[in-house]
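Some notes on the structure that comes next.
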Amino acid sequence: TAKKLFTPIDWEKHIGDDDEAVRHFYLAAYDLLVHNNQMDSAAVLLEEILSKTTLHYDSFLIIQKLYETYPLTGNWKKAFEVSQLKIKESEQKIAGLGKELEDCRNKNSKETLNKEETSPFSNKWTYIGIIIGISLFVRIILKKKRQ
Numbered sequence: 001t002a003k004k005l006f007t008p009i010d011w012e013k014h015i016g017d018d019d020e021a022v023r024h025f026y027l028a029a030y031d032l033l034v035h036n037n038q039m040d041s042a043a044v045l046l047e048e049i050l051s052k053t054t055l056h057y058d059s060f061l062i063i064q065k066l067y068e069t070y071p072l073t074g075n076w077k078k079a080f081e082v083s084q085l086k087i088k089e090s091e092q093k094i095a096g097l098g099k100e101l102e103d104c105r106n107k108n109s110k111e112t113l114n115k116e117e118t119s120p121f122s123n124k125w126t127y128i129g130i131i132i133g134i135s136l137f138v139r140i141i142l143k144k145k146r147q
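At position 136 of the sequence shown (counting the first as 1) the number is 136 in our numbering, and the numbers step up by one without a gap.
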């Protein structure tokens, strides 16, 4: 039944970024490797998956685990090398996003500090001036009421 999963018709049905489909093909490849001991068939399948879908980080970790668990050569080694590249690319993208996020945070905090510095209420003398102004205004009003 595992071989039946790999027909071109089935592949066309599952092509794309569908997570479940990708997992399904990986499990099938794993099944071929472990239970049927057909490394080459599984390797061909994995290469096809690698070339035709945008896979998530976890998918490449599965290949890495398979490679570390079994003595893989030929097509499996190629699939592993491609997965390693994809893992590095993913990690670089994640690191890049992390750096962008950090830059945005730094920029926002600097802007906030600048706003606080330029705000009319950021200085204690401003508050003192407001208090003096209000007290003078109240005195003037009270003087006018007494007259």
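All residues carry an ideal CB built from backbone N, CA and C; glycine is no exception.
Cys-104 and Leu-97 have their C-alpha atoms spaced approximately 10 Å apart.
Cβ neighbours of Gly-129 within its own chain (closer than 8 Å, five residues either side excluded): none.
Rounded to the nearest whole angstrom, the CA to CA distance from Asn-108 to Ile-132 is 34 Å. Leu-101 and Leu-142 have their alpha carbons spaced roughly 56 Å apart.
Between the alpha carbons of Glu-89 and Glu-81 lies a gap of roughly 12 Å.
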